[in-house]
Amino acid sequence: MREELRPYADEAFSVVETAANEIGPRLPGSENEKKLADHMAEKLKEIGVTPVKEKFLVAPRASIGGIPYAGWVGIAAGVLMLIPAGTDWGVGFHGLAFFACLATLVWLVCSVFLYKTWFDFAFKQEVSQNVYGEVLPPSGKYDYTVIVSGHTDTSWNWKHSAVTKHMPGGPVSAFVKMGIGVVAFLFIFMSAATVFITELCMLTAESMTLSQLETLLGVVETLPDFSVALYILIPLFVIPGCFFITLWADKNPRTASPGAMDNATGIGIAYAVTKYYKENPDKMPANCRIIDFNCGSEEAGLRGSIAFTRSHKGEDILKNCWNINVDSIADKDHFQVVHGDTWQFTRFDETLCGMLYDAIKEAGIEKPGDIANPVGGCDSTPFTKAGVRSVTFAAQNPILTHYYHTFYDVPERFEKETVGLGLDIVLRVIDKIAAHENAQRGQTADAAAPAAEEQPAADAPAVCESAPENALFAEAEITEE
Numbered sequence: 001m002r003e004e005l006r007p008y009a010d011e012a013f014s015v016v017e018t019a020a021n022e023i024g025p026r027l028p029g030s031e032n033e034k035k036l037a038d039h040m041a042e043k044l045k046e047i048g049v050t051p052v053k054e055k056f057l058v059a060p061r062a063s064i065g066g067i068p069y070a071g072w073v074g075i076a077a078g079v080l081m082l083i084p085a086g087t088d089w090g091v092g093f094h095g096l097a098f099f100a101c102l103a104t105l106v107w108l109v110c111s112v113f114l115y116k117t118w119f120d121f122a123f124k125q126e127v128s129q130n131v132y133g134e135v136l137p138p139s140g141k142y143d144y145t146v147i148v149s150g151h152t153d154t155s156w157n158w159k160h161s162a163v164t165k166h167m168p169g170g171p172v173s174a175f176v177k178m179g180i181g182v183v184a185f186l187f188i189f190m191s192a193a194t195v196f197i198t199e200l201c202m203l204t205a206e207s208m209t210l211s212q213l214e215t216l217l218g219v220v221e222t223l224p225d226f227s228v229a230l231y232i233l234i235p236l237f238v239i240p241g242c243f244f245i246t247l248w249a250d251k252n253p254r255t256a257s258p259g260a261m262d263n264a265t266g267i268g269i270a271y272a273v274t275k276y277y278k279e280n281p282d283k284m285p286a287n288c289r290i291i292d293f294n295c296g297s298e299e300a301g302l303r304g305s306i307a308f309t310r311s312h313k314g315e316d317i318l319k320n321c322w323n324i325n326v327d328s329i330a331d332k333d334h335f336q337v338v339h340g341d342t343w344q345f346t347r348f349d350e351t352l353c354g355m356l357y358d359a360i361k362e363a364g365i366e367k368p369g370d371i372a373n374p375v376g377g378c379d380s381t382p383f384t385k386a387g388v389r390s391v392t393f394a395a396q397n398p399i400l401t402h403y404y405h406t407f408y409d410v411p412e413r414f415e416k417e418t419v420g421l422g423l424d425i426v427l428r429v430i431d432k433i434a435a436h437e438n439a440q441r442g443q444t445a446d447a448a449a450p451a452a453e454e455q456p457a458a459d460a461p462a463v464c465e466s467a468p469e470n471a472l473f474a475e476a477e478i479t480e481e
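Read left to right, the sequence shown gives residues 1 to 481 (full-length UniProt numbering).
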């Protein structure tokens, strides 16, 4: 870390300590998430930047936070499948088990894996918010925008991960428990499908051909033995396995992650970047607008960045825009470029990924990581889908750890120097973006027709164009996605 940045590293780490130790867990749409958003808005005001607050509705448990629901559905389906097969009155219960599991699987794929918002209406909703503010160059004019983002919320406590802290095998037990849970759920789903479809066929046997009846009778003959197997496997395997799923994300807000690494570090670094340029306008790239974006409800399926990119679609704020998404800067041995989200089928901007990789090396990291996010998603995905050039910057062990999304994510676990190095790297990336933009304008300057110069607004205050005129703190209307 460059020595001149040390005061700003202190500022970034102060944000981390305030968020994790004073405010604490900040689940999506919670009062504590709002407290941190308001805190960052006040800090922007302190340095002369007008914050803009945009509220939106979020269903906190409609995505990854709702995984325990799948476990309870599996348990309920298991109980229903204990009703004897082959009876007229049992077909309805077996059908209920089948359709409940089928609906849950559809929801898991769409909302938990792909982060679609299609089923949010079916879950309890809360109010979340995005808070952002801009710093303009001394001239007041800009040709491009750099958004430095981090998310204000934290995750529910992943119980299976937390208990691995004192286990010699590390995360192995967590993988085993969830693996058993997944197999148990799929087993009861397939069992319900087999029994229910067979029972439906029995009800329509009168219209079948002789060969179809022979096939059906062969299946029906196995039902008693299959039922006996279910009587054994459901209490010994299915219910315990699905119970493991119910324990994945603890709904108790008091045991949720304090979010020091994930992602108070991103919030702190984004603010430190903003303060650095506000206090050092001579270091600000010419013709560049810097936006500090405090994003809400990332842990609820990227809902804050989705709301932001949807509400500002086609607006100036996303035109010729670059996004450096800072997410978890704590593990000094794992500085890395995240070049895409595997589950979201998203690849981030290759040019920006290259800039970040080079910046990490220039900051003294000999072998930076270059990975695709293997699980879930990050806020770069909605920006990328909105046409913004984006990359996610992380310094986090990419495997499952006892502190990722658990109550062990505290500031005492990592060093201020690591956060400061993250700040240094982000500033280097912004310089590279400026060089790229200058080169692009240089290539087209000779071909472009001269345009009349506007009067520079040297004394103009740094107010977001999307904020209402003369507003010190703008609040957008609450809108559903």
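All C-beta atoms, glycine included, are put in the ideal place defined by N, C-alpha and C.
Note that the structure is a prediction, hence the values are computed from the model and not measured.
For Tyr132, the uninterrupted beta strand (DSSP E) segment begins and ends at 126 to 135. Per the coordinates, the alpha-carbon of Leu80 lies some 24 Å from the alpha-carbon of Val109.
Between the alpha carbons of Ala394 and Glu366 lies a distance of about 16 Å. At a Cβ-Cβ threshold of 9 Å, Asp327 and Thr246 do not count as neighbours. With contacts defined as CB atoms closer than 9 Å, Val419 and Thr265 qualify as a contacting pair. Beta bridge pairing from DSSP links His151 with Cys295. Of the candidates Met284, Val183, Ala77, Met284 places its Cα closest to the Cα of Ile433. If you draw a straight line from the Cα of Ile269 to the Cα of Thr255, it is about 26 Å long. Two segments are said to touch when three or more pairs of C-beta atoms, one from each, lie closer than 8 Å; by this definition the segment 37 to 49 does not touch the segment 351 to 369. Per DSSP, the unbroken beta strand (DSSP E) holding Val391 starts and ends at 389 to 395.
Beta-carbon to beta-carbon, Ala184 and Gly241 are separated by about 3 Å, close enough to satisfy the 8 Å threshold.
By the CB criterion at 9 Å, Ala76 and Phe98 fall outside the cutoff.
In the three-state reduction of the DSSP assignment, Ala256 falls in the coil class, being assigned neither a helical nor a strand state.
Each residue's CA atom was taken as its position, placing Pro235 and Pro84 some 15 Å apart. Straight through space, the alpha carbons of Phe244 and Gly181 are spaced by roughly 6 Å. Annotated three-state conformation of Val182 is helix, per DSSP. Going by DSSP, Trp248 is part of no alpha helix (DSSP H) at all; its letter is neither H nor E. At the C-beta level, Thr346 and Lys385 come within 9 Å of one another. Cys321 is bridged by DSSP to Thr145.
Inclusion of Leu230 and Ser257 in the CB contact set at 9 Å is not warranted, their separation being larger than that value.
In terms of Cα proximity to Thr342, the closest of Ile64, Ile371, Phe226 is Ile371.
Cβ-Cβ distances below 6 Å link Asn320 to Tyr144 in the same chain, with the five nearest sequence neighbours on each side left out; the list follows chain order.
Taken through DSSP and simplified to helix, strand or coil, Trp343 comes out as coil.
In the three-state reduction of the DSSP assignment, Gly369 falls in the strand class.
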